[in-house]
Each structure stands twice: as structure tokens, then as C-alpha cells.
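The C-terminal residue of the sequence shown carries number 107 in the working numbering, and the numbering is unbroken.
No residue lacks a Cβ here, since even glycine has one placed at the ideal position from N, Cα and C.
Model, not experiment: these values are computed from the prediction.
Data block below; observations after.
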Amino acid sequence: MGKRKSKRKPPPKVKNIVALDTQFNCPFCNHEKVCEVKMDRERNVGFIQCRVCMEDFQSNITSLTEPIDVYSDWIDACEMANHAISFQVVILPPFTLKR
9 MGKRKSKRKP PPKVKNIVAL DTQFNCPFCN HEKVCEVKMD RERNVGFIQC RVCMEDFQSN
69 ITSLTEPIDV YSDWIDACEM ANHAISFQVV ILPPFTLKR
């Protein structure tokens, strides 16, 4: 009598690691892939600038921060600025009627 053949599980498939983008769409001029993020890890600053309209933004970063995080902070800051402008109330001085 012979031994049964053992069935081995196939080795796990290797997943490719996809690099995250460092170029994004500009929220001001609406061009695609023109905003480039530069990370200065020594100074803990992330800097993003549009090559077309020259708009820029910088934010504080940590060792775990990726370029998409800096872009997201920029978009959030734009939305906060738009939200603040839309709800800004202008207070006019009271006027009196002259008779």
C-alpha cells in the first residue's frame, strides 16, 4: 500500500503595491494633474502649488502624512473659506429718518 499524495495549498498571491499620486487637480483653475505636492520632512511642512494659476497651500505634516493628506487639507481649507464667506453677515449702522 502506498501513501496518499498530499495536496499543498498554493502560495499566496503577491499583491502589487500601488504608489499614491503626488499630482492632483486644481480646485481653482480646474486643470487636471497640475498641483504638485512637496513634502519637507525635516521642517514638517507639506507644500502644494498649481503650475498653471500659481495658487499654493502649506500645512503641517507628520511622519505618517502622505501627499493626498496635504491635498485633502487644502480642499478642506477651501471649503471652510467658502462656508465662512457664504454665512458672513454684514451689520450696517442704524439709520434715522430725517423729517
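May I ask you to report which of helix, strand or coil DSSP gives residue i?
i, result
"Ser-67", "strand"
"Cys-58", "strand"
"Val-26", "coil"
Along the beta strand (DSSP E) that carries residue i, what are the first and last residues, could you check?
i, result
"Cys-43", "43 to 48"
Could you tell me which of the options sits nearest to residue i, measuring between CA atoms?
i, options, result
"Tyr-79", "Pro-35, His-91 and Thr-70", "Pro-35"
"Asp-64", "Cys-86, Lys-15, Arg-49 and Val-26", "Cys-86"
"Gln-66", "Gln-57, Asn-38, Leu-72 and Glu-74", "Gln-57"
"Met-62", "Glu-50, Cys-37 and Thr-73", "Cys-37"
"Ser-71", "Trp-82, Ile-83 and Arg-49", "Arg-49"
Would you tell me roughly how many angstroms separate the C-alpha atoms of residue i and residue j, rounded to the nearest one?
i, j, result
"Glu-40", "Pro-20", "37 Å"
"Gln-59", "Lys-46", "Residue identity check: residue 59 is Arg in the sequence provided, not Gln. Roughly 13 Å separates the two Cα atoms."
"Lys-13", "Val-22", "27 Å"
"Asp-84", "Ala-92", "12 Å"
Throw me the rounded Cβ distance for the residue i and residue j pair, which I believe falls under 8 Å.
i, j, result
"Ile-76", "Asn-52", "That belief does not hold up - the Cβ atoms of Ile-76 and Asn-52 are roughly 17 Å apart, past 8 Å."
"Phe-32", "Cys-43", "5 Å"
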